[in-house]
Amino acid sequence: MEDGTTPSADKPDGFDNLDHQPNYEGVIDRRSPSLEAGQKTYHVKIRLTETDDIVLFENPSHVVSLDAEEADLVKEQNRLFETRPKARRTADAEAQTRDLPCKSRSVNTECIHRQDVASFVSNYDMYDTYNDLERHTKEINVADSASKLEITTYSREGMEDIDDRLNRNPNFHLSSMILQRLLAGNIYREQQIRFRNMYPPDPCREDIRYLYRLEVLWTYRTVETLGKAVACASWCPANGDIVAIAYGIYGHTSSDDRGNGFVYVWNIKNPVNPERRYRFDCPVTCVAFSQRTPQLLAIGMYDGLVQIRDITDNTQIPLAVSNRDKFPVYQPIWDLKWVEFDNENKDEVIAVSQNGWVMKYTLTIGQYLLPYPLLRLDRVEGTLEGQADSNDPQSVKIQSDLHPQALCVTIHPVQKDKYYIGTDEGAVHWCSINDPFQHLGVLQMHSRGIFCIEYSPWSPKIFLTCSGDWSIRIWIEDLPEPIVTLSTGFAPIQAAYWSPTNSTIIASVTRNGVQLWDLKRRSSKPASVSTLGSLTTALTVVRFTNCGRSLLVGDAEGKAHVCALEDMPFPPHFQYRELQSALYSKLVTTPDLLTRVRRMGYLGY
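When we follow the UniProt record's numbering, the leftmost residue of the sequence shown carries the number 1, and every step to the right adds one.
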């Protein structure tokens, strides 16, 4: 022993460690909705390859062909083997084995009685029999078709339906989910391999072409969600195979069409059927996974309610819901984000609504979320600093329009208490959680509503905004004017996001197509424009996957397309340096702005 001690004499070898307490460090308690501070989860990719053949049984052949080279040698050996017994001295002798004693016994079984009985059933008897049974008829929608199939079943009163019994069995749901994954793997095996990036492109091949092409791998769709627009999507941060998609309304919709809403949790292992289904009485507008506890899903709805769901729970019971008795909110929740401080072990959600309220909800041990109003936005007055549209006529303020619509919210990547809100009047308000009902600043960034604010993954001071004024603008903090403006022509940009693997790639979506921008190339028009589905279907949502080599695109018909990015530039080794070089090249025509940006120094992490 290294420490100078000797094992006990009354304990055999191998039992010395039984007195030590087990080390539970790093073990996560799944019963708690929050993980320990600083605890990180990792996604391990396992690649299965074919191993060498393992011989379990072998029966080699003992026959040689007459045309073989060693045929003559084998014939000679066989001749010697046959003549060898003749030279042996043998003697014939008789032998007899013992007879085994046997006893015969007969066994009689009971006689089986049989009887033939005639029976007659008339049509009246059959009619009375079926009237005594309960008749159930239900219609089933046929996938990819507008037709419906009627199924009629008969059951006796008081008899338990086998379908209801199976639906209450959790083992049946688990077995069904695993079986569906196996069956889907037979069809989507190659697409799943491409999604997992098991065969990355070779940078040394000769036929390299940068086409910025989208290839549809599969489409998430169900009969229940046809006609329901894909309002939002969120990838699970701990497991890149899982995505939550919200189905509701997108844009202007009549009151008759504002029916129910859905939230489906999909897995790439089963692109045909979702593994979690949540149904609501009103449309769903936004969803977001938690970074700290990835199994928690925040859901914002059109009637102003906010729910927290645990996707590991098979039941339809929410973990917590917002309480209108404490603070009533009846306007649509357009966006929400999780607030996660490094030194605090609690889960909080910031939600922005159409009436201008910014609410913070805290997850407690009870069934209700603890609401706290942070701010209510007011219409800006006068001329704001930023990009004002001189051609835009002065809007007339009326009494019912004193508060702007909060369309999006973004948390600062470094200063977690700081958040940005985009409104329908094209202004961005930045505020602090620690200073409620206070503004840190307001900047006019667009002339129409701002739909998205997204920070670059490689810089905590560079972010983009997209708006209904047909443009994407890239900003630097503390600069009142944009450094790059990307315009799509005559189409409002619904969403825009940075690529998590290439610092100069931006993906945006309009009603007509998906645009891929490369800041290293040109900013006058996108590098590629791809259309998905029918030309009459409007696209609503675009999201990069966690790996950055695929896109999820949703449309107004309830379909979510998972597309692979093909013929893309290879990610640079120095991401921030590449982004900085691309931005400097765009500012050559504005030397004054380029000088101001250079004086700001290093803007990366």
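C-beta: ideal position from N, C-alpha, C; glycine also.
Notebook entry, point to check: In the structure shown, what three-state DSSP assignment does A320 receive?
Noted result: Here residue 320 is taken as the residue at index 320 of the sequence shown, counted from 1. Three-state result, A320: strand.
Check: Which residues bound the alpha helix (DSSP H) around E578?
Finding: On the sequence shown, residue 578 is found 578 positions in, with the first residue counted as 1. Here the alpha helix (DSSP H) through E578 covers 575 to 586.
Check: Does the Cβ of M445 have 16 or more other Cβ atoms within 10 Å, making it buried, or fewer, making it exposed?
Finding: In the sequence shown, residue 445 corresponds to position 445, counting from 1. Per the 10 Å Cβ criterion, buried.
Note to self: I'd like to confirm the pairing. Which residues does DSSP put opposite Q515 in its beta bridges?
What the structure shows: The residue given as residue 515 occupies position 515 in the sequence shown. BP columns for Q515 point to S508, V529.
Next item on the list: Could you give the DSSP three-state label for P33: helix, strand or coil?
Entry: Within the sequence shown, the letter at position 33 stands for residue 33. Interpretation of P33 is limited by its pLDDT of 49, a score under 50 that renders its predicted location unreliable; the figure taken from the coordinates is listed afterwards. P33 falls in the coil class under three-state DSSP.
Check: Among the residues of its own chain, which have a CB less than 7 Å from the CB of C202, if the five just before and after it don't count?
Finding: For the purposes of this step, residue 202 is taken as the residue at position 202 of the sequence shown. Here the sequence assigns Asp to residue 202, which means Cys is not the residue at that position. So the list is empty, once near-sequence residues are dropped.
Margin query: Check whether the segment 256 to 269 and the segment 277 to 287 touch, using three or more Cβ-Cβ pairs below 8 Å as the test.
Written below: Output reads yes: the segment 277 to 287 touches the segment 256 to 269.
Next item on the list: Can you have a look at Q354 and say buried or exposed, based on whether 16 or more other CB atoms are within 10 angstroms of its CB?
Entry: The residue labelled residue 354 in the question sits at position 354 within the sequence shown. Note on Q354: 16 or more other CB atoms within 10 angstroms of its CB, so buried under the neighbour-count rule.
Notebook entry, point to check: DSSP puts A244 in a beta bridge; with which residues?
Noted result: Here the question's residue 244 lines up with position 244 in the sequence shown. Note: A244 sits in a beta bridge opposite S234, V265.
Note to self: Only counting the same chain, and skipping five residues up and downstream in sequence, which positions put a Cβ closer than 6 Å to that of R599?
What the structure shows: As a first step, residue 599 must be located in the sequence shown, where it is residue number 599. Around R599: no qualifying Cβ.
Next item on the list: Report the three-state DSSP secondary structure of R79 (helix, strand or coil).
Entry: For the purposes of this step, residue 79 is identified with residue 79 of the sequence shown, where counting begins at 1. Looking at R79 - three-state DSSP - the assignment turns out to be helix.
Margin query: Beta-carbon within less than 6 Å of N323's beta-carbon, same chain only, minus the 5 sequence neighbours each way: which residues are those?
Written below: On the sequence shown, position 323 is the one that residue 323 refers to. Y368, listed in sequence order.
Checklist line | Beta-carbon gap between K461 and I474 smaller than 9 Å | finding: Here the question's residue 461 lines up with position 461 in the sequence shown. Here the question's residue 474 lines up with position 474 in the sequence shown. Cβ distance not < 9 Å, so K461 and I474 don't count as in contact.
Item checked: C-beta contact flag for E381 and P404 at 9 Å -> On the sequence shown, residue 381 is found 381 positions in, with the first residue counted as 1. On the sequence shown, residue 404 is found 404 positions in, with the first residue counted as 1. Result no, Cβ atoms of E381 and P404 do not sit closer than 9 Å.
Notebook entry, point to check: So the beta strand (DSSP E) D281 belongs to, where does it begin and stop?
Noted result: The residue given as residue 281 occupies position 281 in the sequence shown. Run containing D281: none; DSSP gives neither H nor E here.
Note to self: Run through the DSSP bridge pairs and tell me what E566 is partnered with.
What the structure shows: As a first step, residue 566 must be located in the sequence shown, where it is residue number 566. R213, per the DSSP bridge assignment.
Check: Looking at C-beta atoms only, is the number of pairs between the segment 452 to 461 and the segment 409 to 422 that lie closer than 8 Å three or more?
Finding: yes
Checklist line | Whether A246 touches V306 by CB criterion (9 Å) | finding: Residue numbering aside, residue 246 sits at position 246 when the sequence shown is read from its first letter. Residue numbering aside, residue 306 sits at position 306 when the sequence shown is read from its first letter. Not a contact, by the Cβ cut-off of 9 Å.
Check: Run through DSSP, which three-state label would S432 get?
Finding: Taking the sequence shown and counting its residues from 1, one reaches residue 432 at position 432. In the structure shown, S432 sits in a strand (DSSP, three-state: E or B).
Margin query: Between T312 and chain D, is the shortest Cβ-Cβ distance under 9 Å, so that the two count as touching?
Written below: Protein chains in the displayed structure number just one, and chain D is not present.
Checklist line | A231 beta carbon less than 9 Å from that of T540 | finding: Translated into positions along the sequence shown, residue 540 becomes position 540. Translated into positions along the sequence shown, residue 231 becomes position 231. Cβ distance < 9 Å, so T540 and A231 count as in contact.
Notebook entry, point to check: Would the segment 480 to 490 and the segment 420 to 440 be scored as touching if the rule is three or more Cβ pairs under 8 Å?
Noted result: no
Next item on the list: Name, in chain order, the residues that DSSP records as bridge partners for F289.
Entry: The residue given as residue 289 occupies position 289 in the sequence shown. Answer by DSSP bridge pairing, in chain order: L297.
Checklist line | Start and end residues, beta strand (DSSP E) containing E454 | finding: Locating residue 454 in the sequence shown gives position 454, where the first residue counts as 1. 450 to 455 is the extent of the beta strand (DSSP E) around E454.
Next item on the list: State yes or no: is the C-beta of T531 within less than 9 Å of the C-beta of G513?
Entry: On the sequence shown, residue 531 is found 531 positions in, with the first residue counted as 1. On the sequence shown, residue 513 is found 513 positions in, with the first residue counted as 1. Closer than 9 Å, so yes.
Notebook entry, point to check: Do the segment 556 to 571 and the segment 215 to 226 meet, that is, are 3 or more Cβ pairs less than 8 Å apart?
Noted result: Contact between the segment 556 to 571 and the segment 215 to 226 is present, with at least three C-beta pairs closer than 8 Å.
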